[in-house]
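The numbering of the sequence shown is numbering that gives the first Met the number 0, which starts it at 0 and goes up by one. For glycine and all other residues, C-beta sits at the position ideal for the given N, C-alpha and C. Being a predicted model, the structure only gives us computed values, none of them experimental. Worksheet: one structure, shown below.
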Amino acid sequence: MKEFISRAKYLWDKSIKLNKDKKILDCASGNGSQTSQHWLEWGVSSDNITAVDVNQECLGTLSDLGVKTVCMDLEQESLSDRLGDEKYDVIVCSETLEHLQKETADNLLIGFLKALNVGGSLVITYPAKAGKHKFKYGHCRQPNNTEIIEVVGECFENTESSRWFVTERHPNEPACFLMFTGKKND
Ligand SMILES: C[S@@+](CC[C@H](N)C(=O)[O-])C[C@H]1O[C@@H](n2cnc3c(N)ncnc32)[C@H](O)[C@@H]1O
Numbered sequence: 000m001k002e003f004i005s006r007a008k009y010l011w012d013k014s015i016k017l018n019k020d021k022k023i024l025d026c027a028s029g030n031g032s033q034t035s036q037h038w039l040e041w042g043v044s045s046d047n048i049t050a051v052d053v054n055q056e057c058l059g060t061l062s063d064l065g066v067k068t069v070c071m072d073l074e075q076e077s078l079s080d081r082l083g084d085e086k087y088d089v090i091v092c093s094e095t096l097e098h099l100q101k102e103t104a105d106n107l108l109i110g111f112l113k114a115l116n117v118g119g120s121l122v123i124t125y126p127a128k129a130g131k132h133k134f135k136y137g138h139c140r141q142p143n144n145t146e147i148i149e150v151v152g153e154c155f156e157n158t159e160s161s162r163w164f165v166t167e168r169h170p171n172e173p174a175c176f177l178m179f180t181g182k183k184n185d
């Protein structure tokens with residue numbers, strides 16, 4: 000039987016609730032309606048979340064909720080250009096790699112490694128069938144686990160992957176979930 004669960008809840012259960020008091024980067028958050036907005040409701044302090052996105056209007060919603068926001072185009076700038084030496088314990092990149100060119104996505108993954116504390120976690124999701132909807136949702140390619148693991152896998156103690164089904168907005172579109180935990184070193 001299919002498991003129907005929202006993105007925010009799935010990410011919460013898998014990682015965020017265990018890291019409630021740690022520093023979280025929500026990369027390409029949009030307005031956080033599928034991520035940070037819920038985590039704030041469920042008890043994460045706004046002081047612990049930084050949200051990055053290209054869409055200033057979307058970020059405004061999170062900014063109004065007290066979240067630190069950084070408006071940037073990941074195709075044009077690297078994370079460290081804007082975040083400097085800031086480090087996080089959890090980095091979430093949900094439903095975003097499919098919007099970026101492969102080279103940008105690879106550089107972003109390397110940027111995540113630099114921005115993650117030792118022992119930290121990197122959590123990635125992407126739609127299992129991104130290509131089918133590329134015109135509707137602005138996807139430019141279909142990521143896959145192999146290419147992501149190739150770039151960052153060796154830098155972590157553990158890799159976990161699964162699929163789940165998102166309820167509210169995309170009931171028939173499974174998403175891939177990939178979580179790396181225990182970053183090895185700087
Ligand atoms: C499908 S939404 C995902 C939003 C959120 N992470 C979630 O899980 O619901 C993709 C997000 O990527 C952002 N995005 C797309 N291209 C981007 C770029 N070049 N730089 C920064 N953000 C980008 C969009 O503005 C949008 O908020």
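Q) Heavy atom of ligand 1 less than 7 Å from the Cβ of valine 53, yes or no? A) yes
Q. Can you name the residues that DSSP bridges to phenylalanine 179?
A. Residue pairing for phenylalanine 179: DSSP places it in a beta bridge opposite Leu121 and Thr158.
Q: Return the residue from the list Val51, Lys8, Gly29 and Val69 that minimises the CA-CA distance to tryptophan 41.
A: Lys8
Q | serine 35 (DSSP reduced to helix, strand or coil) | A | helix
Q) For alanine 104, which three-state DSSP category applies? A) helix
(Q) DSSP three-state label for tryptophan 163, please. (A) DSSP places tryptophan 163 in the strand class (E or B) of the three-state scheme.
Q. Name the DSSP beta bridge partners of lysine 67, please?
A. Thr49
Q) Which of the three DSSP states, helix, strand or coil, is assigned to valine 150? A) helix
(Q) Using a 10 Å radius around the Cβ and a threshold of 16 neighbouring Cβ atoms, would you call glutamine 55 buried or exposed? (A) exposed
Q) For glutamine 33, is the beta carbon positioned less than 7 Å from some heavy atom of ligand 1? A) yes
Q. Assuming leucine 121 and isoleucine 148 make a contact with CB atoms under 8 Å, what is their CB distance in whole Å?
A. Leucine 121 to isoleucine 148, Cβ: 11 Å. No contact.
Q.
Taking 6 Å as the limit between beta carbons, can you name the residues of its chain near lysine 22, skipping five residues before and five after?
A. Asn47, Tyr87 and Asp88
Q) What span of residues does the alpha helix (DSSP H) with aspartate 12 cover, start to end? A) Aspartate 12 -> alpha helix (DSSP H) spans 6 to 13.
Q: With a 10 Å radius around its C-beta and 16 neighbouring C-beta atoms as the bar for buried, classify arginine 162 as buried or exposed.
A: exposed
Q.
Alpha carbons only, please: which of Asp52, Arg140, Leu177 and Glu156 is nearest the one belonging to leucine 82?
A. Asp52
Q: May I ask you to report which of helix, strand or coil DSSP gives cysteine 139?
A: coil
Q | Contacts around leucine 10, its chain only, beta-carbon distance under 7 Å, and the 5 residues preceding and following it disregarded | A | Around leucine 10, the same chain offers Thr34, Val91, Ser93 and Val122 as residues with beta carbons nearer than 7 Å, after the five sequence neighbours per side are excluded.
Q) So is leucine 82 in contact with chain D if we call contact Cβ pairs under 8 Å? A) Structure shown: chain D not included; a single protein chain is present.
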